[in-house]
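Visitor: Here you go, one structure.
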Amino acid sequence: MAGKIAIVGSNMVDLITYTDRMPLPGETIEAPRFEMGCGGKGANQAIAAARLGADVMMVTKVGDDIFADNTIRNFETSGIDTRFVERVPGTSSGVAPIFVEPSGENCILIVKGANAQLSPADVDRAADALKECDLILMQLEIPLETVYHTVAFGAEHGIETLVNPAPAPADLDSTKIEKATFLVPNQTELATISGMAVNSLADAEAAARSLIARGVKTVIVTLGGDGALLINGNDDAVHIDPVSVKPVDTTGAGDAFIGSFARYYAENRDVKAALEMAVRYAADSITRPGTQKSYATVQDFEKFCQSL
1 MAGKIAIVGS NMVDLITYTD RMPLPGETIE APRFEMGCGG KGANQAIAAA
51 RLGADVMMVT KVGDDIFADN TIRNFETSGI DTRFVERVPG TSSGVAPIFV
101 EPSGENCILI VKGANAQLSP ADVDRAADAL KECDLILMQL EIPLETVYHT
151 VAFGAEHGIE TLVNPAPAPA DLDSTKIEKA TFLVPNQTEL ATISGMAVNS
201 LADAEAAARS LIARGVKTVI VTLGGDGALL INGNDDAVHI DPVSVKPVDT
251 TGAGDAFIGS FARYYAENRD VKAALEMAVR YAADSITRPG TQKSYATVQD
301 FEKFCQSL
């Protein structure tokens, strides 16, 4: 196994509409195709890491509806530990309507559903299992208090943590995540959190350094087709070069990046090497449609890397 990883995070049901163009306000248009699948940032990152051979545990909440059984079965089929996947009576599962244009660009809405009830107490119930993990991942499709509590838990017990601030709220308290090992925003999220414009690589570095000045240890900025940027308090910025591919669907690429980064980092603690693999894995994922179903297995990813 390539390290033991826990995800304290969300699961969603992806409702994906492929459209020739986005409708204008008040306009109804016909879309050529619809698909439904398992998603959510937490679940996506868990699946990506598991597909690459990591030992993965999920701490999450599902609803009391037809989607819950399928979500749990999807975790189990992927070899993910579901001991701490709990149902919430009388509550819907989280859903994510996704709209994908021919270019591969997408727009996403989320309804948190049961994810909104994942609490610090749920983290405490999983404490013994979490203490056995090499890395804990979090996203912001769950209550912020649960994220803050998990970061503090990791710091108390010497467990490295990663916070993916997505979706990024303007009221995120950086003082409560500064003990996280990694903060991993994209450019839009970085701009929201830092309060600075992020329109270039130089902007991204400046905004990331502003977070380092507030106390965040390490910032990794995902740059889409421009690769990734690594900033910490000690070294110069490290730009991880992108991999050129023809995009089919960019949905879930950020989660593919984080899940694969976690897998490779948990194995050898080499940040730069793990980022290089994550850029490749995310690039490979956008060559296929969908979210989790676009994530390669170890064998398929090795073939992709050999083709570069």
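Using the UniProt record's numbering, you'd call the opening residue of the sequence shown number 1 and step up by one each time.
Beta carbons: idealized from backbone N, C-alpha and C, even for Gly.
Please read all numbers here as calculations on a predicted model, not as lab measurements.
Return the first residue and the last residue of the alpha helix (DSSP H) that C52 is part of.
Guide: First, the amino acid is wrong: residue 52 is Leu here, not Cys. Where L52 is concerned, there is no enclosing alpha helix (DSSP H), given that its DSSP letter is neither H nor E.
Visitor: Within the chosen definition, does the stretch 66–84 reach the stretch 133–145 through at least 3 CB pairs nearer than 8 Å?
Guide: No, the stretch 66–84 does not touch the stretch 133–145.
Visitor: Please identify the residue among D122, R33, L183 whose C-alpha is closest to the C-alpha of residue 311.
Guide: Absent from the structure is residue 311, since the part of the chain shown begins at 1 and ends at 308.
Visitor: Which partner residues of M36 appear in the DSSP bridge assignment?
Guide: Note: M36 sits in a beta bridge opposite L15.
Visitor: Can you give the Cα-Cα distance for I80 and I47, rounded to whole angstroms?
Guide: Their Cα atoms are separated by approximately 8 Å.
Visitor: Does the beta-carbon distance from T291 to C38 come in below 9 Å?
Guide: In contact: T291 and C38 (Cβ atoms closer than 9 Å).
Visitor: Would S194 and A180 qualify as a contact pair, given that the criterion is a beta-carbon distance under 9 Å?
Guide: It is not a contact, given that the beta carbons lie outside the stated cut-off.
Visitor: Using DSSP bridges, identify the partner residues of M138.
Guide: Beta-bridge pairing links M138 to V8, V163.
Visitor: Tell me which residues share the same chain as T222 and place their Cβ nearer than 6 Å to its Cβ, disregarding the 5 neighbours each side in the sequence.
Guide: For T222, where only same-chain residues beyond five positions count, the Cβ hits under 6 Å are N186, A228, G254, F257.
Visitor: Using the C-alpha atoms, what's the distance from V245 back to D226?
Guide: Each residue's alpha carbon lies about 12 Å from the other.
Visitor: Below 9 Å between beta carbons: does that hold for M57 and G40?
Guide: Taking 9 Å as the Cβ cut-off, M57 and G40 do not qualify as a contacting pair.
Visitor: So the candidates are T192, D55, D20, T146; which of them puts its Cα closest to the Cα of P32?
Guide: Checked all of T192, D55, D20, T146; the closest Cα to P32 is D20.
Visitor: DSSP three-state label for K131, please.
Guide: Three-state DSSP puts K131 in coil, outside helix and strand.
Visitor: Touching or not, the stretch 90–110 and the stretch 146–157, by the rule of three or more beta carbon pairs under 8 Å?
Guide: At 8 Å Cβ cutoff, the stretches do not touch.
Visitor: Report buried or exposed for I98, applying the criterion of at least 16 other Cβ atoms within 10 angstroms of its Cβ.
Guide: When all chains shown are included, I98 counts as buried.
Visitor: By how many angstroms is the C-alpha of T91 removed from the C-alpha of L308?
Guide: Roughly 46 Å between the two C-alpha positions.
Visitor: Is the beta carbon of M22 less than 9 Å from the beta carbon of C107?
Guide: Going by C-beta atoms, M22 is nearer than 9 Å to C107.
Visitor: Nearest-angstrom Cα distance between I16 and L109?
Guide: Taking the straight line joining both Cα atoms gives about 11 Å.
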